[in-house]
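Chemist: The opening residue of the sequence shown carries number 1 in the numbering used here; numbering runs sequentially from there. Beta carbons: idealized from backbone N, C-alpha and C, even for Gly.
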Amino acid sequence: MTKSRRLLAVAAALSVTICGGTAAAQTVMARGVPAGEQVEVILNGKPVGSAPAGETGDATIPFSLRTSLGKAEIDANVYVDACEKTHRIFIVEIGGPLPAEGTCNLRNIPGVYWVRPVNTIVVTNITAAAPSLLLIKGSYAPPLPGHENDAVPPRLFPGGLILFGGGGFFKTRDVTAVACGNLTDCSGRESGLGFTAGAEYRINRYFSAEGSYMQPRTAKVNGGSSNYRFTTEQKTHAFAVTGKVGAPIGIGKVYARAGTIFHQAKIATTQTQDERTVTVDDVPYTFPAGTQTLEVKTDGWGWLFGGGLELWVSPGVALYGEFGYGSLKGADIGGGETKIVDRLTSAVVGLRVHIGR
1 MTKSRRLLAV
11 AAALSVTICG
21 GTAAAQTVMA
31 RGVPAGEQVE
41 VILNGKPVGS
51 APAGETGDAT
61 IPFSLRTSLG
71 KAEIDANVYV
81 DACEKTHRIF
91 IVEIGGPLPA
101 EGTCNLRNIP
111 GVYWVRPVNT
121 IVVTNITAAA
131 PSLLLIKGSY
141 APPLPGHEND
151 AVPPRLFPGG
161 LILFGGGGFF
171 KTRDVTAVAC
181 GNLTDCSGRE
191 SGLGFTAGAE
201 YRINRYFSAE
211 GSYMQPRTAK
221 VNGGSSNYRF
231 TTEQKTHAFA
241 VTGKVGAPIG
251 IGKVYARAGT
261 IFHQAKIATT
271 QTQDERTVTV
281 DDVPYTFPAG
291 TQTLEVKTDG
301 WGWLFGGGLE
311 LWVSPGVALY
321 GEFGYGSLKG
331 ADIGGGETKI
341 VDRLTSAVVG
351 LRVHIGR
């Protein structure tokens, strides 16, 4: 009969059970107490502990049922008494002595409660006319004042589809060396700002697949000799397909990626020849000045690896930084003899946005 009455009363008295870390001893927490005022716990008429309320209005008092009563658990009624600067919480075992006469403002919290070491007794609104009680399994971390009704935030590191975009530093390795050959009057610009964009599908918190597009800055080389000059420009588009594995750390995630990269490049060389005269057998021949442009397009597959760090500043938005190193390998799509064997290095920062719920 006692068990049935206890279960019904616990449900009716706003008691809740929340899974948490197992408490080492029986704990009573009083909430809503003016800072600095004392809270005492009285078990079957005997004081078993006290503590002052902190700045947040909470006071925590541990005690031992086994030390005080020689029991592992009891069924009990709970009363709250408020005197000037002192608040008392009476825990009275069923059949035990009721609070003594001389109390100041005694109020009963309706119900029969299962008091045992793994439960935390949280008495809320202790100064109100009708205080309430939460019976919580395990330890309890109360919300900050003013945040009691905040919704539980959605989990970080969302799964499913994520779109991203960013920009940063890109560099090709061999454009200048190939275009200049053994010319001494020749220089190039192979690095600069570029951008990237793509989509990622997250299988779980650790593994995902990603497709991305990268456009480095157009590489440019200028060179020549005494009677001619040339400019070579290489514009590259790169498409990567990679697998990713990551390790969550707080709101951040460190990850590595590896896969394949497909490039398309257009290499255009514009050469300007000065007018010149050549004498053969005392006969002068004059070659007029002129300009010609040669264009080659290449494509092909290579490898790519890299890694990065992302920080989820909200459930659906993350900042990320990433580096990559890949090979640009391919041949002339027109069937010519031109081949490209180069390297692409990148370091970018950007934004990731989760799509869907």
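Pull up the distance between the alpha-carbon of T293 and that of G316, whole angstroms please.
Modeler: Counting from 1 along the sequence shown, the entry for residue 293 is found at position 293. Counting from 1 along the sequence shown, the entry for residue 316 is found at position 316. For T293 and G316, the distance between alpha carbons rounds to 49 Å.
Chemist: Any chance you could list the alpha helix (DSSP H) runs of at least 4 consecutive residues sitting entirely within the segment 45 to 76, in chain order?
Modeler: Counting whole runs of 4 or more residues, the segment 45 to 76 contains the alpha helix (DSSP H) stretches 65 to 69.
Chemist: Taking G259 as the reference, give the member of Y285, Q271, G307 and V41 with the closest Cα.
Modeler: Here residue 259 corresponds to residue number 259 of the sequence shown, with the count starting at 1. Taking only the C-alpha atoms, the option nearest G259 is G307.
Chemist: Which residue or residues does DSSP assign as beta-bridge partners of F157?
Modeler: In the sequence shown, counting from the first residue as 1, residue 157 sits at position 157. The partner list for F157 (beta bridge, DSSP) is empty, contrary to what the question assumes.
Chemist: Judging by CA-CA distance, which residue of V123, D58, I261 and I162 is the nearest neighbour of V241?
Modeler: Your numbering for residue 241 matches position 241 in the sequence shown. Of the listed residues, the one whose Cα sits closest to V241 is I261.
Chemist: Do three or more CB pairs link the segment 284 to 293 to the segment 332 to 342 at distances below 8 Å?
Modeler: Cβ pair count under 8 Å is below three, so no.
Chemist: For G21, which residues in the same chain have their Cβ closer than 6 Å to its Cβ, ignoring the five residues on either side in sequence?
Modeler: Residue mapping note: residue 21 aligns to position 21 of the sequence shown, counting from 1. The predicted position of G21 is uncertain, since its pLDDT is 44 and thus under 50; no value can be drawn from it.
Chemist: What would DSSP say about T103, mapped onto helix, strand or coil?
Modeler: For the purposes of this step, residue 103 is identified with residue 103 of the sequence shown, where counting begins at 1. Coil.
Chemist: How about I89 and V123: do their beta carbons lie closer than 8 Å?
Modeler: Taking the first residue of the sequence shown as 1, we reach residue 89 at position 89. Taking the first residue of the sequence shown as 1, we reach residue 123 at position 123. A contact, by the Cβ cut-off of 8 Å.
Chemist: Any contact of the segment 340 to 348 with the segment 168 to 188, i.e. 3+ C-beta pairs under 8 Å?
Modeler: Yes, they touch.
Chemist: If the criterion is Cβ atoms closer than 8 Å, does the pair Y201 and L163 meet it?
Modeler: Translated into the one-based positions of the sequence shown, residue 201 becomes position 201. Translated into the one-based positions of the sequence shown, residue 163 becomes position 163. Taking 8 Å as the Cβ cut-off, Y201 and L163 do not qualify as a contacting pair.
Chemist: How close, in whole Å, do the beta carbons of D342 and V175 come, if the pair is a contact with beta carbons under 8 Å?
Modeler: Here residue 342 refers to the residue found at position 342 when the sequence shown is read from its first residue. Here residue 175 refers to the residue found at position 175 when the sequence shown is read from its first residue. Correct: roughly 7 Å between the Cβ atoms.
Chemist: According to DSSP, simplified to helix, strand and coil, what is V33?
Modeler: One-based indexing of the sequence shown puts residue 33 at position 33. It is coil, neither helix nor strand.
Chemist: Between which two residues does the alpha helix (DSSP H) carrying I176 extend?
Modeler: Your numbering for residue 176 matches position 176 in the sequence shown. The identity of residue 176 in the sequence shown is Thr, whereas the question assumes Ile. V175 to C180 is the extent of the alpha helix (DSSP H) around T176.
Chemist: Would you please verify whether the beta carbon of T124 is less than 8 Å from any beta carbon of chain B?
Modeler: The structure shown contains no chain B; it holds only a single protein chain.
Chemist: Whole angstroms is fine: what's the gap from L106's alpha carbon to A59's?
Modeler: Looking up residue 106 in the sequence shown gives position 106. Looking up residue 59 in the sequence shown gives position 59. Those two C-alpha atoms are separated by around 19 Å.
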